[in-house]
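First residue of the sequence shown: 14, per this note's numbering; consecutive thereafter. Just so it is clear, CB atoms sit at the ideal spot from N, CA and C, and this is done for glycine as well. Structure record follows, encoded as structure tokens.
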Amino acid sequence: MFFNALKKTIGVCFIGLGLGILLVLLLPIAGWLFIIGLAITAVGLAWLVC
């Protein structure tokens with residue numbers, strides 16, 4: 014049970030970090046930040062689903 018809660022917490026942190034990169038650091042100047050933000054968000058979503 015503890016591992017499940019920890020797993021969900023880490024997944025939510027990944028999603029929050031990814032969305033933070035997408036929304037806060039996403040300037041039209043840096044396209045690579047957009048890719049990193051999408052990747053981190055996808056990892057967080059996959060972590061929550063598994």
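Tell whether a beta-carbon distance below 8 Å holds between G57 and G31. yes
If F27 and W60 are in contact, beta carbons under 8 Å, what's the gap, nearest whole angstrom? About 6 Å; that satisfies the 8 Å criterion.
Leaving out five residues on either side along the sequence, give the residues of the same chain with a beta carbon under 6 Å from the beta carbon of G50. G31, I34, L35
On the three-state DSSP scale, how would you describe C63? coil
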